Amino acid sequence: MQSARRDELLSSLPCPEVFLAVRAGGATDVVAVTTMWVSYDPVIAVVYLKPGSTAHRLVNEGRNFTLNVVDAAQDRQAILAGTIPGNDPDKLRKLGLELVPSDSVESPRVGGAAASYECRVLKVAACGTHDLFLGLVTGWWTRDGAKPVIRYRGESWPLETPLPDSHAPYPH
Ligand SMILES: Cc1cc2nc3c(=O)[nH]c(=O)nc-3n(C[C@H](O)[C@H](O)[C@H](O)COP(=O)(O)O)c2cc1C
Numbered sequence: 042m043q044s045a046r047r048d049e050l051l052s053s054l055p056c057p058e059v060f061l062a063v064r065a066g067g068a069t070d071v072v073a074v075t076t077m078w079v080s081y082d083p084v085i086a087v088v089y090l091k092p093g094s095t096a097h098r099l100v101n102e103g104r105n106f107t108l109n110v111v112d113a114a115q116d117r118q119a120i121l122a123g124t125i126p127g128n129d130p131d132k133l134r135k136l137g138l139e140l141v142p143s144d145s146v147e148s149p150r151v152g153g154a155a156a157s158y159e160c161r162v163l164k165v166a167a168c169g170t171h172d173l174f175l176g177l178v179t180g181w182w183t184r185d186g187a188k189p190v191i192r193y194r195g196e197s198w199p200l201e202t203p204l205p206d207s208h209a210p211y212p213h
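Heads up: the sequence shown begins at 42 in the numbering used here, then just goes up one per residue.
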């Protein structure tokens, strides 16, 4: 497919903007990703990571990561996390994020996120351009008054007002 058409296709699907933080063997990386639930009990999330990237290598090595839902106040840092190469030795300093120790995994959480999930890798599967990592949620944390960010048409959108009569609780 032509690359402009592919960009139009891929960016037409709204996706949550999330920091993935990983620490393994003394090295740490924070990248921008998207995620979704794939199981409710146990709670399992999926991320897709590019083979050859620093985050892919570290998650494979450490078998754990955290997912941190980007708050609107952190969007600039999320774009940096998604564009500064993982092998830039100054990347973490440039991001200026607060990394907080997790309760159940070695990888740190990102302070100020709308929500954080500590994950242990259950399974890795090759899939097209990326590999899928299934993460069992072993700890989680949410922040009241947060404003999560969605990616849509190549830009970041803050979640603000729910539509009326739209409440439908999990599980579904
Ligand atoms: C908004 C946004 C979302 C991204 N989502 C993903 C993703 O889901 N999976 C992924 O592998 N990379 C994603 N990236 C790229 C990574 O955040 C990161 O820049 C890349 O993995 C770094 O690769 P490197 O270690 O080879 O430099 C995204 C980038 C941006 C800006």
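By construction, the Cβ of each residue, glycine as well, lies at the ideal position given by its N, Cα and C atoms. Predicted, not measured: the structure shown is a model, and the values here were computed from it.
If you look at L99, you'll find it in the alpha helix (DSSP H) that goes 95 to 103. Taking 6 Å as the cut-off, one finds at least one heavy atom of ligand 1 near enough to the beta carbon of P126. A check of alpha carbon separations from H213 across T179, W78, R117 identifies W78 as the nearest. Placement of the Cβ of R150 at a distance of 6 Å or more from every heavy atom of ligand 1 is found. Look at L90: its beta carbon is less than 6 Å from one of the heavy atoms in ligand 1. Taken from the Cβ of S44, every heavy atom of ligand 1 lies 6 Å or farther away.
For S53, the CB stays at least 6 Å from every heavy atom of ligand 1.
Excluding the 5 residues flanking it on each side, F106 has same chain C-beta neighbours closer than 7 Å at L61, A62, V63, V100, S148, C160, G176, in chain order.
For L51, there is no enclosing beta strand (DSSP E); the residue is part of the alpha helix (DSSP H) that begins and ends at 44 to 52. Excluding the 5 residues flanking it on each side, E201 has same chain C-beta neighbours closer than 8 Å at K188, in chain order.
For G123, same chain residues with a beta-carbon under 6 Å away, outside a window of 5 residues either side, are A73 in chain order. Taking 4 residues as the shortest admissible run, the stretch 127 to 155 contains the following complete alpha helix (DSSP H) segments, listed from N- to C-terminal end: 132 to 136.
DSSP links G176 through a beta bridge to A86, V162.
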